[in-house]
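Participant:
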Amino acid sequence: MTQMLLRISDLQVAYGHVQAVRGVSIEVGDGDFVAVIGSNGAGKSSTMKALSGVVQPVAGRIEFDGEDVTGQPSHAMVRRGLAMVPEGRHVFSDQTVEDNLRVGAFVFSREPAKVEEAIEHAYELFPRLAERRAQLAGSLSGGEQQMLAIARGLASSPRLLVIDELSLGLAPKILEMLFPVLVELNKEGLAVLLVEQLANQALAVSRRAYVMENGVVSISGESRALASDPRVMEAYLGRRGH
0 MTQMLLRISD LQVAYGHVQA VRGVSIEVGD GDFVAVIGSN GAGKSSTMKA
50 LSGVVQPVAG RIEFDGEDVT GQPSHAMVRR GLAMVPEGRH VFSDQTVEDN
100 LRVGAFVFSR EPAKVEEAIE HAYELFPRLA ERRAQLAGSL SGGEQQMLAI
150 ARGLASSPRL LVIDELSLGL APKILEMLFP VLVELNKEGL AVLLVEQLAN
200 QALAVSRRAY VMENGVVSIS GESRALASDP RVMEAYLGRR GH
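Under numbering that gives the first Met the number 0, the residue at position 72 of the sequence shown is numbered 71, and the numbers go up by one with no gaps.
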């Protein structure tokens, strides 16, 4: 039986009097690949901000590897083995590509050999970053910055990689390269939680998925089943169910 790595239970997030997340529960097993889909404003990103410690939930519980981590700050979550690639990427624009990777690796280890190993692994995954290792991150294209954000997260040797809106602002050609990388990482044993508006692609690469609407999980199940569910097909995939 797969060990439960992440368990979000009855999570509630509010901004003033506005309730953004209302009782959301999500589970990710060790080595699992889970997608959270839904339109803009569904509460997906607010859920991820609570998970990564960026915002404090008003109610609910978050467990990581069996321990209550509700409300813990981002750096504490990274040390526990959760790497977050936030919406909008947020690379260190005034630092080089390699320095960005080094920052990510330092979270995991200060041993030079392990840091270099993590950086080389990033370059193997994304050869384009190797070509631009001395370039300032702020001068990279949007696709290259997304590669760097993912690679920086991986440099911390996480057990769970959380990616919030992978496709945001990226050309289809870049996405055709990024989605297979996530599948390959998952095959190597890394658990992935992908938050994504592009439902077709998210359901194609994940094993299980949650559909969020208006701050709640409206549907959940195996990704393959959801891809043929009339409710999901019509609302998110642009196809009519039969």
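Backbone N, C-alpha and C define an ideal beta-carbon position, used for all residues, glycine too. None of these values were measured; they are calculated from a predicted model.
When you compare only the Cα positions, how much space is there between M47 and E86?
Facilitator: Locating residue 47 in the sequence shown gives position 48, counting from the first residue. Locating residue 86 in the sequence shown gives position 87, counting from the first residue. When rounded, the distance between both Cα atoms is 10 Å.
Participant: Among V210, L184 and S156, which has the Cα closest to the Cα of V23?
Facilitator: Position 24 of the sequence shown holds residue 23. With distances taken between Cα atoms, V23 lies closest to V210.
Participant: Could you tell me whether the stretch 157-177 touches the stretch 130-142, using the rule of 3 or more Cβ pairs below 8 Å?
Facilitator: Flag = yes, the stretch 157-177 and the stretch 130-142 touch.
Participant: My understanding is that V96 touches A136, with C-beta atoms under 8 Å, so please give their C-beta distance in whole angstroms.
Facilitator: By 1-based counting over the sequence shown, the position of residue 96 is 97. By 1-based counting over the sequence shown, the position of residue 136 is 137. Going by Cβ atoms, the distance from V96 to A136 rounds to 6 Å, so yes, they are a contact pair.
Participant: Below 8 Å on the Cβ atoms is my guess for Q145 versus L177; work out the distance and round it to an integer in Å.
Facilitator: Residue mapping note: residue 145 aligns to position 146 of the sequence shown, counting from 1. Residue mapping note: residue 177 aligns to position 178 of the sequence shown, counting from 1. So it is a contact: roughly 7 Å between Cβ atoms.
Participant: Just the C-alpha distance for E66 and A117, rounded to the nearest angstrom, thanks.
Facilitator: Against the sequence shown, residue 66 aligns to sequence position 67. Against the sequence shown, residue 117 aligns to sequence position 118. C-alpha separation (whole angstroms): 27 Å.
Participant: I want to know whether the stretch 41-56 touches the stretch 7-14 - three or more CB-CB distances under 8 Å.
Facilitator: Cβ pair count under 8 Å is three or more, so yes.
Participant: Can you find the residues in the same chain that come closer than 7 Å, C-beta to C-beta, to I121, ignoring five residues on each side of it along the sequence?
Facilitator: In the sequence shown, the residue the question calls residue 121 occupies position 122. Looking at the sequence provided, one finds Ala at residue 121 rather than Ile. Only L100, L128, A150, L153 and A154 meet the Cβ criterion.
Participant: Could you tell me if D163 is buried or exposed, where buried requires 16 or more neighbouring beta carbons within 10 angstroms of its beta carbon?
Facilitator: Taking the sequence shown and counting its residues from 1, the one referred to as residue 163 is at position 164. That one is buried.
Participant: For S227, which three-state DSSP category applies?
Facilitator: Position 228 of the sequence shown, counted from the start, is the residue given in the question as residue 227. It is coil, neither helix nor strand.
Participant: Specify, as a first and last residue, the run of the alpha helix (DSSP H) that A148 falls within.
Facilitator: In the sequence shown, residue 148 corresponds to position 149, counting from 1. G141 to L153 is the span of the alpha helix (DSSP H), which, as asked, contains A148.
Participant: Could you give the uninterrupted runs of the beta strand (DSSP E) lying entirely in the stretch 23-75, keeping only those of 3 residues or more?
Facilitator: Runs found: 32-36 and 58-63.
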